[in-house]
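Notes follow once the structure below has been shown.
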Amino acid sequence: MPQSKFQEVVFTVFMAAVMVYGMVCYNIALNLGGLSDAVFGRVFGEWPIMTVAAIALELVFVGRLSKKVAFCLVKPDKDGPTATMLAISAASVWMMCPCMSLIATLLFKNGPQTELFSTWVQTTVLNFPMALCWQFFAAGPLVRRVFGVIFGRK
Numbered sequence: 044m045p046q047s048k049f050q051e052v053v054f055t056v057f058m059a060a061v062m063v064y065g066m067v068c069y070n071i072a073l074n075l076g077g078l079s080d081a082v083f084g085r086v087f088g089e090w091p092i093m094t095v096a097a098i099a100l101e102l103v104f105v106g107r108l109s110k111k112v113a114f115c116l117v118k119p120d121k122d123g124p125t126a127t128m129l130a131i132s133a134a135s136v137w138m139m140c141p142c143m144s145l146i147a148t149l150l151f152k153n154g155p156q157t158e159l160f161s162t163w164v165q166t167t168v169l170n171f172p173m174a175l176c177w178q179f180f181a182a183g184p185l186v187r188r189v190f191g192v193i194f195g196r197k
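Be aware that the sequence shown starts at 44, since it is given in our numbering, and climbs by one per residue.
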């Protein structure tokens, strides 16, 4: 995947934008009681803020740590690129989901009557399965494909 710091930043920005879009749509749909056409437009109120947060978290903290965790599970030279990519993706979701759920809870769900801890835990538990599926089956393949086209890889 990324071969330089510049490519890493481009990949991170694109992945964060796609992941956050899907997850904000999901959370708005949960709040509205279901998916409707309106969800896809309402996402743009939260999407820019959450995308910036995701980019910052990934570049400063999660990116390096998720690779360390993944490389405890797989050995890239032995297990191959697919297993390595899946391990990094899973580790990234495992770390990003609670962080992003906390940010969303603080910014968008924490009213005066809201219990912060329980709301954050519930948000994380509801978000994790969707984030993992969204990463593995939609955002990840899409971003890797577009990245490969842009930077001349298959």
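Heads up, the beta-carbon is just placed ideally off N, CA and C, and yes, glycines get one too.
Assigned with DSSP and collapsed to three states, GLN46 falls in coil, not helix or strand.
Rounded to the nearest angstrom, the gap between the Cα atoms of VAL105 and MET44 is 17 Å. With respect to GLN178, ALA130 sits apart: the two C-beta atoms are not nearer than 9 Å. If you compare the alpha carbons of GLY65, SER144, LYS118, MET143 with that of PHE83, the shortest gap goes to GLY65.
Under the 10 Å beta carbon count, LEU149 is surrounded by fewer than 16 other beta carbons and is classified as exposed. Under the 10 Å beta carbon count, ALA81 is surrounded by fewer than 16 other beta carbons and is classified as exposed.
Fewer than three pairs of CB atoms, one per stretch, sit closer than 8 Å, so the region 106-116 makes no contact with the region 159-173. Straight-line spacing of the CA atoms in ALA60 and GLY183 works out to 11 Å.
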